[in-house]
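One structure below.
There are 2 protein chains.
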Amino acid sequence: MYKRKIPVDLSCPLRLTISLIDSKWKSCILDELRHKAMRPSELHKALPEATPRVLDLQLKEMVDDGLVTKTIYPELPPRSEYAISPLGMTLIPIIDAMLQWGEEHQELFEKKYGSPD
Amino acid sequence: MYKRKIPVDLSCPLRLTISLIDSKWKSCILDELRHKAMRPSELHKALPEATPRVLDLQLKEMVDDGLVTKTIYPELPPRSEYAISPLGMTLIPIIDAMLQWGEEHQELFEKKYGSPD
DNA sequence: GAGTATATCGAAAAATAATTCAGTATCTGA
DNA sequence: TCAGATACTGAATTATTTTTCGATATACTC
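Going down the list, the sequences are from chains Z and E.
Each residue of the first sequence is one higher than the one before, counting from 1 in the numbering used here.
Each residue of the second sequence is one higher than the one before, counting from 1001 in the numbering used here.
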C-alpha cells in the first residue's frame, strides 16, 4: 500500500485484500517468492517485463505491508534477498485460485481480445 | 479491462485474472451481484462510497469482459438491471477467499495503518 | 583503467484510474 | 410547474501507478 490522499477503507475486507494485491506485479512476485527466496536480479530475470524499478517499488510496499521479508547481506558487491513471509503465505491460496482461473479462461480472453501472435 | 497503450499480457494467467478484478470496486460489485441482480441505483446504495459514475464505468467494463449481464427494460422512467453472468460466477470462489482473508487480517492492518476512528 | 554486475534511489514523464460536476431525457408526486 | 428519481454520458481535474532514464557506490575480470 502507499500513502494515498484518498485512504483505503480498511473496514471493508474485500478492499483491504485487493489493496494489498492489486498491482501489475505483486501477485506475480508472490508467486515467484513462494518457491524460494530471490535476489532482485533473479526476480527481474523471472519477470523480465517488469523493470527493476517497479520490482523495487513494489517489493518495498510488500515489505511494509508484511507480506515479504528482506535480508541484506553486508557484502560487496551488495546482496539482498526477498522471501515470502508467513503472512504472505496466507495469500497463496488466493494466488493459486487466480492462477487456476486464469489458466482455465485464458483461451477465451485471447480469442476475445487477441492472442499475442 | 480497457484499451490500454500497454496491453495486458493475457498469456500470463495471473495477470489476466488480476486485470479483470483489480480496481477499487469490481470485486465489491461482484460480491453484491452474486446475491441478486441489481439496478444501478441499488448498487450505489449498497456501495455509497462509490460514485454512480465509477459504478457505471466499471459495470460497462465488466459487461464487456463478460462477467456481468445488463438488461434494459424499455420503460419510462428507465430501468436497467445488472446481473452476474455464469463466467462472473466462476470468480466467486476467489472473491470469497479474498473476503475471508480480509476478515481474518482486518484487525492487523487497522492496527498497522490506523483504524477508522 | 574500462567494462560488468550488484542493489538502490530520485526525478520526471507517461499511462491509467477515479472523482467531480454539469447536462440529457422522462416520468411521478407535491 | 417544480422537485426528485431514473439511467446515462462528456469533459475536466485529480489521484495513482508505471515507465524511463540517469546516478551512486563497490568489487570483479579483462
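All residues carry an ideal CB built from backbone N, CA and C; glycine is no exception.
Taken in chain order, the complete beta strand (DSSP E) segments of 3 or more residues contained in the segment 1027-1083 of chain E are 1068-1073.
Of the other Cβ atoms in all chains shown, 16 or more fall within 10 Å of the Cβ of Z:LYS26; this residue is therefore buried.
Looking only at E:GLU1103, E:TRP1101, E:ASP1009 and E:LYS1024, the smallest Cα-Cα distance to E:LEU1057 is reached by E:LYS1024. Check the Cα spacing between E:ILE1095 and each of E:LEU1020, E:LYS1003, E:GLU1049 and E:PRO1013: the tightest is with E:LEU1020. Contact check for Z:ILE72 against Z:LEU33 fails: the beta carbons are separated by 8 Å or more.
Excluding residues up to 5 positions away in sequence, ARG1015 lie with their Cβ nearer than 7 Å to the Cβ of E:ASP1009 in the same chain.
Per DSSP, the unbroken alpha helix (DSSP H) holding Z:ARG15 starts and ends at 13-21.
Within the segment 1086-1112 of chain E, the runs of alpha helix (DSSP H) at least 4 residues long that lie entirely inside it are, in chain order, 1086-1089. With a threshold of 8 Å between beta carbons, Z:MET38 makes no contact with chain E. Taking C-beta separations shorter than 6 Å and ignoring five residues to either side along the sequence, the partners of Z:ALA46 in its chain run GLU32, following chain order. Chain order gives the chain E residues near Z:ILE18 as ILE1021, ASP1022, SER1023, LYS1024, LYS1026, SER1027, CYS1028, MET1098 and GLY1102, where near means a beta carbon separation below 9 Å. The Cβ-Cβ distance between E:LEU1067 and E:LEU1030 falls below 8 Å.
Residue Z:ILE18 holds the alpha-carbon nearest to the alpha-carbon of E:GLY1102 among Z:ILE18, Z:GLN106, Z:GLU110 and Z:GLU104. Note that the C-beta distance between Z:GLU81 and Z:MET38 is below 8 Å. When E:LYS1111, E:PRO1040, E:ARG1004 and E:THR1069 are compared, the shortest CA-CA separation from E:MET1089 is found for E:THR1069.
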